[in-house]
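Protein sequences, first through last, are from chains A, B, C and D. To convert, note that position 258 of the first sequence is 258 in full-length UniProt numbering; the numbers rise steadily by one, no gaps. To convert, note that position 105 of the second sequence is 105 in full-length UniProt numbering; the numbers rise steadily by one, no gaps. To convert, note that position 183 of the third sequence is 183 in full-length UniProt numbering; the numbers rise steadily by one, no gaps. To convert, note that position 196 of the fourth sequence is 196 in full-length UniProt numbering; the numbers rise steadily by one, no gaps.
4 protein chains.
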Amino acid sequence: MIANPKIIDVVQKFADVRKHSVAICAPLEIEDFVVQPIVDVSPPKWHLGHTTWFFETFILTPNFPDYEVFDPQYNFVFNSYYETIGARVIRTDRGNLSRPSVADVYRYREYVDQQMINFLQSDFMNSSIETLVELGLNHEQQHQELLLTDIKYILGHNPLFPAYKKGHRNEKVGSGSAKMISFPEGVYEIGFKGSGFCFDNELGRHKVYLQDFEISDRAVTNGEYLEFMKDNGYTDFRHWHAEGWDWVKQNEAKSPLYWHHIDGKWMYYTLEGLQELDLEEALCHINFYEASAFAAWKGMRLPTEAEWEVASEHFQWENRWEWTGSAYLPYPGFKKEAGAVGEYNGKFMINQMVLRGASEATPKGHSRNTYRNFFHANLRWQFTGIRLAK
Amino acid sequence: MIANPKIIDVVQKFADVRKHSVAICAPLEIEDFVVQPIVDVSPPKWHLGHTTWFFETFILTPNFPDYEVFDPQYNFVFNSYYETIGARVIRTDRGNLSRPSVADVYRYREYVDQQMINFLQSDFMNSSIETLVELGLNHEQQHQELLLTDIKYILGHNPLFPAYKKGHRNEKVGSGSAKMISFPEGVYEIGFKGSGFCFDNELGRHKVYLQDFEISDRAVTNGEYLEFMKDNGYTDFRHWHAEGWDWVKQNEAKSPLYWHHIDGKWMYYTLEGLQELDLEEALCHINFYEASAFAAWKGMRLPTEAEWEVASEHFQWENRWEWTGSAYLPYPGFKKEAGAVGEYNGKFMINQMVLRGASEATPKGHSRNTYRNFFHANLRWQFTGIRLAK
Amino acid sequence: MIANPKIIDVVQKFADVRKHSVAICAPLEIEDFVVQPIVDVSPPKWHLGHTTWFFETFILTPNFPDYEVFDPQYNFVFNSYYETIGARVIRTDRGNLSRPSVADVYRYREYVDQQMINFLQSDFMNSSIETLVELGLNHEQQHQELLLTDIKYILGHNPLFPAYKKGHRNEKVGSGSAKMISFPEGVYEIGFKGSGFCFDNELGRHKVYLQDFEISDRAVTNGEYLEFMKDNGYTDFRHWHAEGWDWVKQNEAKSPLYWHHIDGKWMYYTLEGLQELDLEEALCHINFYEASAFAAWKGMRLPTEAEWEVASEHFQWENRWEWTGSAYLPYPGFKKEAGAVGEYNGKFMINQMVLRGASEATPKGHSRNTYRNFFHANLRWQFTGIRLAK
Amino acid sequence: MIANPKIIDVVQKFADVRKHSVAICAPLEIEDFVVQPIVDVSPPKWHLGHTTWFFETFILTPNFPDYEVFDPQYNFVFNSYYETIGARVIRTDRGNLSRPSVADVYRYREYVDQQMINFLQSDFMNSSIETLVELGLNHEQQHQELLLTDIKYILGHNPLFPAYKKGHRNEKVGSGSAKMISFPEGVYEIGFKGSGFCFDNELGRHKVYLQDFEISDRAVTNGEYLEFMKDNGYTDFRHWHAEGWDWVKQNEAKSPLYWHHIDGKWMYYTLEGLQELDLEEALCHINFYEASAFAAWKGMRLPTEAEWEVASEHFQWENRWEWTGSAYLPYPGFKKEAGAVGEYNGKFMINQMVLRGASEATPKGHSRNTYRNFFHANLRWQFTGIRLAK
């Protein structure tokens with residue numbers, strides 16, 4: 001059989017993406033793979049197993065005749081939330097499982113990788129499966145981002161503050177004032193267009209009517225946020241949503257996540273370890289409540305996701321997921337896929353806010369200006385930032 | 001001084017609205033005024049006191065020289081959520097307060113009413129205070145609706161199922177099929193227009209772009225919802241949001257609120273007591289999760305609030321607050337008022353869904369097709385229903 | 001039929017005890033009968049109904065032919081914890097029930113009282129039922145004490161601090177030093193003896209071996225406890241059990257219940273309203289953790305219940321339930337009664353501490369030096385105090 | 001210096017005990033050292049570090065001049081509950097710490113072991129320090145038992161049910177009927193006597209008066225407990241304490257911990273993996289509520305700790321910690337040690353029950369018939385069993 005160049009591409013892409021997950025984990029100790037300090041954080045070995053389970057469950061088992069499941073119990077261990085696929089370890093218990101060991105999980109990956117590569121080159125492949133493989137790879141890339149955010153949480157909440165690895169410096173955003181870019185009111189279009197991969201929640205390119213708006217050409221910096229903190233940002237309820245204010249009081253919140261006031265100086269935990277706060281770097285690790293309170297204090301607001309998308313070609317994304325003022329809801333005409341992959345996005349479209357852009361943890365090739373990321377308003381362990389609008 | 005007819009109107013309106021709150025409570029036993037079976041329900045005497053406190057705190061104290069507060073402790077007891085106005089009884093404790101007694105609360109009302117009538121006819125009145133008085137009256141009307149929903153909850157969750165009073169029959173929606181009304185895509189306008197009263201969250205009439213849509217000419221009936229229940233509505237996760245499914249399982253939900261399956265028959269608690277379910281009546285007391293699951297099961301969806309508003313002149317409202325698919329967010333250009341009344345709406349604009357229309361509990365004269373009601377997705381003690389769209 | 005003097009006695013005693021419950025509630029507003037500010041406190045109308053239900057359920061229904069239950073639903077409403085007797089309103093929901101109304105509960109009492117008086121004079125009475133009637137009356141007396149403690153909690157936690165009634169002054173214990181009374185080691189006897197009524201948990205008079213001990217001739221005063229507070233009593237963990245220390249920190253405990261530091265002065269809520277703290281009165285409303293920490297700070301300890309009982313004829317009881325160092329466990333040979341009344345005491349013999357004596361809220365004729373009261377170590381809404389031993 | 005034979009003994013004992021902890025952990029994977037599936041279970045690496053920290057903190061730092069602490073942060077990580085010694089990781093967070101790594105903890109052990117061996121042979125040793133060393137070794141032996149119970153929990157709650165190691169069979173108790181041994185009433189003595197090591201809570205040998213009693217010559221077997229289960233043991237509330245019954249319902253308890261009903265057969269997880277239930281083995285892993293309900297069902301009771309101790313020379317201990325009917329309270333004349341070690345026992349003397357005997361997990365040489373073990377009534381992850389009395 002003469003090799004099909006398109007298949008070679010898929011095999012190569014598959015191998016590359018899969019290798020990258022392993023590379024992210026290379027600096028870890030075995031112990032780091034196991035723990036789950038909060039429910040939102042999953043143990044790294046769980047991410048490695050779950051992304052593998054995705055290919056086994058949705059590609060190999062239904063499509064590759066004679067495929068033998070690596071271990072029938074792994075379905076129970078590595079299913080995340082697919083009700084269609086049966087019972088699963090409850091989310092809060094992921095950090096209670098010492099087995100399968102990290103070595104077992106890597107064996108699982110190697111087994112499934114080899115089978116996948118065989119399968120991708122077999123006659124059982126077809127274009128609808130290819131779409132599913134692409135979904136699997138994008139799914140793995142999402143977990144690559146989560147791997148980094150979760151590793152940062154695990155190490156950054158350890159009293160010894162171990163570094164992840166050197167070479168994770170952030171670029172400065174700059175110290176000057178931000179500029180506001182203006183857009184006139186009118187009908188615009190948003191949503192995915194083109195021919196590459198996108199998630200179902202980006203589909204349905206459609207018209208929206210926007211009022212006049214202005215949007216900042218850069219993200220808010222640590223220095224600017226420090227001004228807010230100094231001006232009673234966390235003690236004046238008037239800037240906050242009622243829920244946000246409850247969150248401040250219950251958590252005695254006084255600063256972004258990972259910031260520590262030590263000996264009169266602001267430090268923050270970075271992937272290189274504890275460092276002195278860089279005032280010119282883009283602010284990171286704030287939740288929607290904080291983003292919104294900061295904007296209110298500034299006399300501005302967060303952009304809607306439509307404004308952000310329309311304006312996105314006119315500014316630089318700053319390696320932060322930018323909170324928008326838009327709730328995560330279906331686009332007009334949104335349709336869930338049939339079967340288990342239909343559970344991918346639609347069922348989360350309630351009580352979450354949209355973030356746009358991409359972060360320093362997003363894998364290369366996994367960002368688009370139509371990408372709709374979403375999190376609950378109280379969460380801040382992602383690499384989240386602020387861009388102002390008015 | 002010659003009586004100013006406009007002032008006479010305000011005095012009359014004030015007296016009418018205030019009297020209506022008392023009338024709602026007339027059928028109650030004293031004990032019914034006191035309890036708070038769940039956090040969302042407030043004791044009726046609290047509503048009576050709180051609406052009175054609103055006039056005392058925002059009108060009389062700042063504007064009527066020599067006004068003497070009825071009891072300085074009542075600010076602590078009857079403040080609802082205004083951080084600006086100082087400490088308050090925490091919400092969950094409202095049902096723990098046997099004092100002030102119901103008689104004391106009525107004395108409080110009479111005192112403040114008399115003072116208000118004096119004030120309204122005094123030279124201290126002006127047009128900006130009149131605006132605030134109007135807000136106070138609309139605020140009281142909102143609490144009149146809550147009084148009825150809370151009374152229904154208090155009596156409807158008592159094992160003796162006492163009736164509130166006779167004469168609270170609902171009209172039938174009809175047994176035939178619903179018809180879908182079509183609207184073409186294009187730019188429409190929504191938001192309050194005209195010169196009467198509206199809340200700040202309705203302001204900023206603005207253009208929106210809508211895709212083609214169809215919307216039902218009537219609400220979903222009990223009979224239609226029963227079909228959903230019989231077709232595994234509450235046991236098939238595929239219809240539900242992930243959060244909604246968690247809600248079903250945690251609460252072992254199997255039917256709308258107030259429905260009881262007794263001796264093989266569906267009964268429901270109404271304000272007249274326990275009755276056999278009327279299949280042709282508009283469905284009531286379902287939350288957003290249920291509304292949304294029902295629509296998914298039907299292969300349809302809930303209308304957005306813009307669609308609802310645009311279409312609202314073409315159908316009859318059925319005495320139900322209709323869940324929309326829109327999150328409660330600020331309209332373009334939304335501005336909070338200065339001072340305490342700025343806490344009225346804006347700070348709740350997160351994690352709630354918009355409801356449109358009005359219910360059998362809404363006071364006459366308190367509804368508009370631009371009115372934006374909002375509740376959390378899990379709540380169903382309001383008179384809520386469903387209108388389908390696609 | 002010639003009246004039997006013994007029966008006349010029982011009828012009289014029944015009428016007296018029943019009347020006293022009503023007398024305790026005479027000063028209340030109707031609203032005060034309804035609320036349940038914490039799970040341990042029951043609404044007064046619940047106590048009035050529950051004690052009535054006891055006679056209806058255990059005396060009339062099984063023994064009085066043709067007796068008609070007042071309302072079949074009341075079993076659900078007024079059962080406290082008897083699993084034998086069927087389903088019941090969960091304890092935390094007692095304060096959510098506005099009905100039956102207070103008037104209904106009084107009608108229920110009158111109905112059952114009349115029936116009981118008929119029954120007591122009927123031929124259906126016998127000596128084993130008489131024992132049960134006596135249990136019912138002692139049960140009602142226990143609830144008379146709870147009525148007062150619960151009323152104090154309800155009014156004393158209202159921000160208006162209403163008085164219950166005048167004339168509830170406490171006597172002073174005196175300002176001089178306490179004296180220690182000595183007892184030699186040896187075999188003693190404890191447990192109920194004699195022919196009157198006692199609870200099953202007092203039965204089995206038996207020998208115990210006590211070491212030498214000394215016990216104080218009076219209770220600890222407010223003034224003495226204030227010394228403890230001033231000497232870092234609530235901030236030095238060394239005095240406390242680990243659980244007690246957790247309790248202090250979680251509740252930010254700084255003083256006994258009902259104490260308020262206002263304008264530099266210690267005040268406390270009494271049944272007469274808010275008063276200045278009387279330093280010579282017996283300390284009240286502390287839990288076992290506090291009692292034990294105070295004793296540790298003094299270099300002493302709490303007496304065991306055996307020590308207390310043996311010594312009790314040599315000192316005055318000071319109208320406080322005195323915490324002992326004894327866990328509430330069965331006496332040797334303890335036997336549960338058959339049927340529902342077997343649930344009275346035995347099933348609570350775990351994780352509670354014994355209190356001895358009686359309090360200002362204990363009805364006359366309801367105290368014995370063999371009486372074993374018991375509460376969880378964290379509770380302090382009872383009239384509890386401290387007597388030291390070493 | 002000529003070696004002091006007594007010191008050589010201490011050094012040898014120190015080395016032996018320390019080595020045994022490491023031996024217990026030898027069969028584990030690194031991942032097994034890290035997790036904490038419930039709050040009561042500590043990660044094995046925490047036990048290894050904490051026992052080491054005990055020697056560093058209480059022996060080396062205060063007594064060995066120029067001793068350098070291995071890592072100043074370890075005090076925060078490995079302090080268990082000593083308030084005297086400063087802040088500490090909260091207990092529920094132990095399983096969230098991936099660092100220090102297992103290798104680091106072993107380095108820590110080696111460092112402290114070497115220093116201890118130097119210290120034990122130095123002139124800084126004296127007899128009061130030797131007492132403390134002995135406490136440290138007994139403390140480590142207690143943690144050796146906990147290591148095994150926690151490892152069993154970690155592996156036994158993993159869906160893969162991995163074995164700990166082979167060779168952990170239990171001996172049979174026998175299938176015949178148990179015999180009851182009788183004791184006459186009278187004055188007995190209990191408490192530690194002799195010259196070896198004991199804990200402070202065993203001290204104060206003292207007289208107690210016991211009534212006639214009988215006690216079983218062997219522990220209850222799995223087979224006997226299965227009878228209880230088949231006779232509605234877990235569904236008939238009458239056998240249970242009220243708290244125990246709540247525990248049954250909340251946890252849907254139906255069998256001892258580690259029992260699984262699979263394909264119609266009772267299996268249980270043992271340290272050798274999942275096995276078929278051996279009916280003749282001593283029952284294990286039940287809590288006080290279950291022990292007490294079983295005894296009630298049998299028409300018997302649990303022995304008091306005094307009865308157990310008096311009778312203990314007349315029966316065989318069956319490798320189970322035997323629940324007694326005694327609350328964990330101070331013996332007459334109990335005194336806490338000064339300083340941090342005073343926190344060892346006394347502060348836990350509330351709301352726990354005494355267990356007597358020893359288990360298959362107790363290290364050799366760490367058991368006495370005066371030993372007072374104690375746990376909360378709801379816990380069952382220890383190797384706990386039942387001996388009946390009447």
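Ideal Cβ positions, reconstructed from N, Cα and C, are used throughout, including at glycine.
query                                                                                                                                      : result
Endpoints, the alpha helix (DSSP H) within which Ala-26(A) is located                                                                      : Here Ala-26(A) belongs to no alpha helix (DSSP H), and DSSP marks it neither H nor E.
Helix, strand or coil at Asp-16(C) [DSSP, three-state]                                                                                     : helix
Neighbourhood of Pro-100(B) by C-beta distance below 6 Å, restricted to the same chain and skipping five residues each side                : none
Cutoff 8 Å: Gln-12(C) Cβ touching any chain D Cβ                                                                                           : no
Residues within the region 243–257 of chain A neighbouring chain D, beta-carbon criterion of under 7 Å                                     : none
For His-239(B), three-class secondary structure by DSSP                                                                                    : helix
Residue interval of the beta strand (DSSP E) (run including Leu-210(C))                                                                    : 206–210
Per-residue contacts from Gly-95(D) into chain E (C-beta, under 8 Å)                                                                       : The chain inventory of the structure shown lacks chain E, comprising the protein chains A, B, C and D.
Residues near Gly-191(D) in its chain [Cβ-Cβ closer than 7 Å; skip 5 each side]                                                            : Glu-202, Leu-203, Gly-204, Arg-205, His-206, Tyr-331 and Thr-370
Closest Cα partner of Phe-14(D) within the set Ala-23(D), Glu-290(D), Leu-355(D) and Gly-136(D)                                            : Gly-136(D)
Proximal residues of chain B, C-beta to C-beta of residue 397(A) below 9 Å                                                                 : Past the edges of chain A, shown from 1 to 390, lies residue 397(A), and the structure says nothing about it.
Contacts around Asp-217(A), its chain only, beta-carbon distance under 8 Å, and the 5 residues preceding and following it disregarded      : Ala-178, Lys-179, Met-180, Ile-181, His-314, Phe-315 and Gln-316
Complete runs of the beta strand (DSSP E) confined to the region 225–273 of chain D [at least 3 residues]                                  : 259–262 and 265–270
C-alpha distance - Trp-349(B) paired with Thr-324(A), whole-angstrom precision                                                             : Reading off the sequence shown, one finds Met at residue 349(B), where the question assumed Trp. Going by the C-alpha atoms only, they are around 14 Å apart.
Min CB distance Phe-78(A) to chain D below 8 Å                                                                                             : no
Counterpart residues of residue 397(D) in DSSP-defined beta bridges                                                                        : Since the displayed chain D opens at 1 and closes at 390, residue 397(D) lies outside it and no answer follows.
Chain B contact residues for Ile-154(C), given Cβ-Cβ distances below 7 Å                                                                   : Ser-98
Alpha helix (DSSP H) runs contained entirely in the UniProt domain "DinB-like" (16–146) of chain D, provided each spans 4 or more residues : 44–55, 74–78 and 102–120
Residue span of the beta strand (DSSP E) that contains Glu-313(A), given as start and end                                                  : First-last for Glu-313(A): undefined, no H or E at that position.
Option nearest Pro-256(A) by Cα separation, candidates Asp-212(A), Glu-134(A) and Phe-228(A)                                               : Phe-228(A)
Inter-stretch contact at 8 Å, needing at least 3 Cβ pairs: the region 347–362 of chain A / the region 144–152 of chain A                   : yes
C-alpha distance - Lys-152(B) paired with Thr-270(B), whole-angstrom precision                                                             : 8 Å
Near-chain B residues of the region 314–348 of chain A - C-beta to any C-beta below 9 Å                                                    : Gly-325, Ser-326, Ala-327, Tyr-328, Leu-329, Pro-330, Pro-332, Gly-333, Phe-334, Lys-336, Gly-342, Glu-343, Gly-346, Lys-347 and Phe-348
Where Ala-340(B) sits in the DSSP three-state scheme                                                                                       : helix
Within-8 Å CB hit, Leu-160(A) to chain D                                                                                                   : yes
DSSP state of Ile-181(C) mapped onto helix, strand, coil                                                                                   : strand
Contact with chain A by Val-187(B), beta-carbon distance below 8 Å                                                                         : yes
Any chain C beta carbon closer than 8 Å to Phe-375(D)                                                                                      : no
Residue-chain proximity (Ile-350(B), chain A), Cβ-Cβ < 8 Å                                                                                 : yes
Residues of its chain near Ile-24(C), where Cβ-Cβ distance is below 7 Å and the 5 sequence neighbours each way are ignored                 : Gln-144, Leu-147 and Leu-148
Tyr-188(D) - containing beta strand (DSSP E), residue span                                                                                 : 186–190
Simplified DSSP assignment, three categories, for Ala-389(C)                                                                               : strand
Where Ile-286(A) sits in the DSSP three-state scheme                                                                                       : coil
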